[in-house]
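Down below is the structure, laid out as structure tokens.
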Amino acid sequence: MGLADEPDTHAARLMRMLGGKWIVQALAAAAELRLADILTEPLALAELARRAECQPEPLARLLRVLVGEGLLELLPDSRYELTPLGAELRRGALGELAEFVGSPSQWVPWNKLTQSIRTGECAFTASQGQSLFEYLTAHPEEARLYDTAVDAFTRQQAHELANHELMADVQSIVDVGGGRGTLLLELLKRRPNLQGLLVDRPDVVATAAPRFDAAGLKGRYQLFGGDFFEALPEGADCYVIKHVIHNWSDADATKLLCACARAMAPGAKLLVVEGLLLPGNIRDLARYMDLEMLVLTESGKERSKPEFRKLFSRAGLKLASTHSLGLGAWLLVAQSGGGVSGLTRVMCAEQISWPWMRVSVRKVLTSSSPRMRSTSSSSSLPSAMYGCVSSSLRTPIIMPTRTRPPPR
Ligand SMILES: C[S@@+](CC[C@H](N)C(=O)[O-])C[C@H]1O[C@@H](n2cnc3c(N)ncnc32)[C@H](O)[C@@H]1O
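Position one of the sequence shown corresponds to residue 1 (this note's numbering), numbered consecutively onward.
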């Protein structure tokens, strides 16, 4: 009798949930061993063990679990064949995500979930001694895994967004905290008239140029390595910020939205892609993601629609519409809402003092920020890289220079 044939008692259900530990680590090990990439054809145990550089006996024990979970099939001639489900564990599909989820830096902090709930402290910082993004800056190999893992989510939603009617009239777009540029890349590929600018930490954007160039996008993109809290390139007609707001407290999220609001050209729109906490007794990805934010970030969290509405209005923006992008992601469209609250003036005071009058792209691209300097101190990038990595610095392609009064 297999697990599926067990009576569905409450105890059995709970035990299945607790067994999540075994499944996640089995998947992570399979991904780390690259089993799905090796199994381009059915292989016998000995050959698979040889190619994966493993001991056959313990590998067989892992394979048995993967067969049970439907990732592999054991053929009558005793060879292992990848199923379509198992093929998702390949690199470039969900392999990097699986490896990342099971890696020590992601697994160990969960040990401190109870402590986080008791004290409100960030479990990641408590176990690693530094914040997530400081840690990633100091550990380039894990940062690479993190960026590709996040990409796995992004790729799924990029197609939806690229084809969305809201993109129809967009000519220039800034992807704020866009990671290695996966979303922007897909948007530019699918929208030939679009120009794009990617903003992220210097060490992250530095990895993006070869990807854009290889996709034939030279001349249509710019890269800005800097601190998105400090300043953003102005004047694009669309700003997108995907799975970034949930990393931050209300105060920081408001700062970030203020930075977007100040940079937006008149009539421009802001597209926020995030999970949404929905009301009711439901099982929903956003609720798990919210725990993930509790563990990984200082004060990040998922938010409900009313909470987003409040954040937008603090930044002088107005929530215009929401659309489901599938896989738990929502597109929240915000536009200038006229008027900025008094609270925003206080929260953005630090930024308002930034000399942003008549900021051209060139000026923004070469600006520097203490916050980023401190988090990128162990980066191997020369400090000159800090400001910008650009495909065409000599030709600021997107944003016109213009003057805007500070928000009142
Ligand atoms: C969860 S990832 C989202 C990446 C991308 N938007 C996506 O959905 O695939 C958050 C991103 O914010 C970036 N980030 C964090 N702090 C930043 C800062 N102060 N300035 C610029 N980027 C930052 C990280 O490097 C990371 O790429």
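Quick reminder that beta carbons are idealized off the backbone N, C-alpha and C, glycines included.
Values in this document were obtained by computation on a predicted structure and should not be read as measured data.
Judged by their CB atoms, glutamate 302 and methionine 289 are nearer to each other than the 8 Å cut-off. If you look at leucine 194, you'll find it isn't in any beta strand (DSSP E); DSSP assigns it neither H nor E.
DSSP places isoleucine 117 in the helix class (H, G or I) of the three-state scheme. Around the beta-carbon of valine 108, fewer than 16 other beta-carbon atoms lie within 10 Å, marking it exposed. Rounded to the nearest angstrom, the gap between the Cα atoms of serine 105 and alanine 123 is 11 Å. By the neighbour-count criterion, in which 16 or more other beta carbons inside 10 Å mark a residue as buried, histidine 246 falls on the buried side. About 5 Å separates the beta carbon of glycine 316 from that of alanine 261, a gap short enough to meet the 8 Å contact definition.
Within the same chain, Cβ atoms closer than 8 Å to the Cβ of arginine 155 are found at Thr182 and Glu186, the five residues on either side in sequence being excluded. Between the segment 215-232 and the segment 252-269 there are three or more inter-stretch CB-CB distances shorter than 8 Å, so the stretches are counted as touching. Counting only the Cα atoms, valine 101 lies some 18 Å from glycine 179. Note on geometry: alpha-carbon atoms of alanine 60 and alanine 214 lie some 40 Å from one another. Look at valine 65 here: in three-state DSSP terms it is helix. Between the C-alpha atoms of proline 266 and leucine 63 there is a straight-line separation of about 57 Å. Take the alpha-carbon of leucine 276 and the one of alanine 209: they are about 32 Å apart. With at least 16 other beta carbons inside 10 angstroms of its own, methionine 293 counts as buried. Within the chosen limit of 7 Å, ligand 1 reaches the beta carbon of valine 199 through at least one heavy atom. Shown here, glycine 179 sits in coil according to DSSP, grouped into three states, outside any helix or strand. When secondary structure is reduced to three states using DSSP, glutamine 335 falls in the strand class. The Cβ-Cβ distance between alanine 143 and leucine 136 falls below 8 Å. Of the residues assessed, lysine 242 falls on the buried side of the cut-off, its CB having 16 or more other CB atoms within 10 angstroms.
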